[in-house]
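Protein chains in written order, with my numbering: chain A, 1 to 82; chain B, 83 to 580.
What follows is the structure in structure tokens.
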């Protein structure tokens, strides 16, 4: 999947879960940049992203995400391995 | 009880400084600090307090992720003064109400400002270490306040609960009588905001035995940070809120923490099925559910979970156990008489850990009472005592709730929401699909600018009290007594999200 398309799909997931319009995530985005992205919504976001892309993150993988770019790299790796 | 009983926990800390100087006392954001390094900071801060701020006993401590935050607390306690944690992230009005009620002489912080919330600020970064040594007070402190914590108040004004040195000493004594085999070899998790009294156990008990404290960084995903510390630093003793388990549950099959020896839960209902699964991740740990309001110093009932013997639970919620040493509990019926085993009523606590009363004496009259020469505190929790002496939590009598461990008066949120929206508002606790609790707000309007209301509320209440969703319903449904039908509102939100 093209990176642009992947980010577009992520934006929609974030908008739905955070109940906000116009959410734009970029590789350098962290939870601190987005209002409402906290411990609780993080778990729901991870769950929704897993379901959307038909992948499963490991806890250790999630712990190593320093920003959205790290997560996208992990998603791409899992999609490529399918 | 000896005359210097209240000094025992202070003596234990001094003893840790003397015996374990080169061992680690704290690990903050990945940096370790030894007991010697902590002692140097404690001594320097004490010197400044004695030289420049001797006119008062109440010391504000601005919560920052730093050694000096903890050194300021220990310095204050060892001088027999009172510390009041102040959260920099809370709205300015709330902080100002707290500093005014607490009557602070100074706020110790790492900020380069002359004043903070109307109180003189002392920047601890400017306090240089010198050759002075840690001091410990000799006067009778038994009825002096060790700390004052502010909780949510129903009128919109934070409620100050002072805890005496005797209260803390009683908790410490009861804690060690529970038989925990802890020593300088242990590593304690500290996951709580310092405005929350579970933090006191999490930093004070390890310092009493020379162990190391691992505060959870306040940046990023808190629950993720909690797990990272458990895993990376082989934490051996962790007091946590049960929400952490709800968060980690889907990854339990990946988790194995053999170093953990004691895993305690407090602050919320602990679900039996989740905790039994969690226990499998901790092959060498004792798991306990503990209970207690701020008014009874940290916690005062405990229940050890033993999967083999069976876990006592009510509606899937693990029981809260039996009172600790020096504490007792009774169940009061609606006619103010104490009830026999098996009958539900309001849980009342008595004993050495009870606060002498709120800063606002009027508020104390509502919840503290005497019967047969014993002073009780009405907790607002519905409970019953089983035949085996264990207490079971059954719910709340009022609109006070606990969300992720924070005690919240729904009426305080409603008070501020009314001010923000100019109409009636009801705050509700809602469970999401994963079972985690969060707050939502219903306002009596046809429509509202959600972002504007949230932005306004953010200036009035701390983040843990912020609703994550706002719904509009007009008019509100009323019950047969003509009151707002909260149950109907709850059902409509839960069923339809309207």
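Quick reminder that beta carbons are idealized off the backbone N, C-alpha and C, glycines included. These numbers come from a predicted model, not from an experiment.
Check, Outcome
"Rounded separation between residue 108 of chain B and residue 87 of chain B - CA only", "27 Å"
"Residue 514 of chain B: contacting residues in chain A (beta-carbon distance under 8 Å)", "40, 44"
"DSSP-derived helix/strand/coil call for residue 121 of chain B", "helix"
"Residue 347 of chain B - partner residues in DSSP beta bridges", "B:322, B:371"
"Closer than 8 Å at the beta carbon, the chain B residues around residue 31 of chain A", "302, 303"
"Neighbourhood of residue 67 of chain A by C-beta distance below 8 Å, restricted to the same chain and skipping five residues each side", "27, 28, 29, 30"
"CB contact below 8 Å: residue 58 of chain A versus chain B", "yes"
"For residue 458 of chain B, three-class secondary structure by DSSP", "strand"
"Members of the region 60-77 of chain A that neighbour chain B once the beta carbon cut-off is set at 8 Å", "60, 62, 63"
"Whole-angstrom C-beta distance between residue 191 of chain B and residue 161 of chain B, which should lie under 8 Å", "At roughly 18 Å, the Cβ-Cβ gap does not stay under 8 Å, so residue 161 of chain B and residue 191 of chain B are not in contact."
"Proximity winner among B:169, B:133, B:251, relative to residue 159 of chain B (alpha-carbon distances)", "B:251"
"Local conformation of residue 233 of chain B per DSSP, three classes", "strand"
"Distance between residue 359 of chain B and residue 365 of chain B (C-alpha atoms, nearest Å)", "11 Å"
"Residue-chain proximity (residue 310 of chain B, chain A), Cβ-Cβ < 8 Å", "yes"
"The region 515-533 of chain B touching the region 554-573 of chain B, judged by at least three CB pairs closer than 8 Å", "yes"
"Cβ shell of residue 46 of chain A (< 8 Å), same chain only, five flanking positions each side left out", "57, 62"
"Beta-carbon proximity check, residue 275 of chain B vs residue 284 of chain B, cutoff 8 Å", "no"
"For residue 404 of chain B and residue 93 of chain B, the rounded distance between their alpha carbons", "28 Å"
"Contained alpha helix (DSSP H) runs [length at least 4] in the region 358-428 of chain B, N- to C-terminal order", "none"
"Buried/exposed call for residue 348 of chain B, threshold 16 Cβ in 10 Å", "buried"
"Straight-line Cα distance separating residue 82 of chain A from residue 205 of chain B", "56 Å"
"Residue closest to residue 12 of chain A, alpha-carbon to alpha-carbon, out of A:49, A:73, A:72", "A:49"
"CB contact check: residue 550 of chain B to chain A, cutoff 8 Å", "yes"
"Residue 313 of chain B vs residue 293 of chain B beta-carbon contact at 8 Å", "no"
"Closer than 8 Å to chain B by CB, residue 51 of chain A", "no"
"Span of the alpha helix (DSSP H), counted from its first residue to its last, around residue 608 of chain B", "No statement about residue 608 of chain B is possible, as the shown extent of chain B runs from 83 to 580 and does not include it."
"Proximity of residue 310 of chain B and residue 209 of chain B at Cβ, strictly below 8 Å", "no"
"Contact between the region 418-433 of chain B and the region 454-472 of chain B (3+ Cβ pairs under 8 Å)", "yes"
"Of the residues B:258, B:199, B:413, B:179, the one placed nearest residue 235 of chain B, counting alpha carbons only", "B:179"
"Span of the beta strand (DSSP E), counted from its first residue to its last, around residue 105 of chain B", "First-last for residue 105 of chain B: undefined, no H or E at that position."
"Limits of the alpha helix (DSSP H) - the one that residue 492 of chain B falls within", "492-503"
"Proximal residues, the region 12-36 of chain A versus chain B, C-beta separation under 8 Å", "19, 30, 31, 32, 36"
"Under 8 Å between C-beta atoms of residue 89 of chain B and residue 260 of chain B", "no"
"Residues that DSSP places opposite residue 205 of chain B in a beta bridge", "B:191"
"Extent of the continuous alpha helix (DSSP H) to which residue 440 of chain B belongs", "Here residue 440 of chain B belongs to no alpha helix (DSSP H), and DSSP marks it neither H nor E."
"Nonlocal neighbours in the same chain, by C-beta distance under 8 Å from residue 120 of chain B, ignoring five residues either side", "99, 107, 108, 149, 152, 153, 156"
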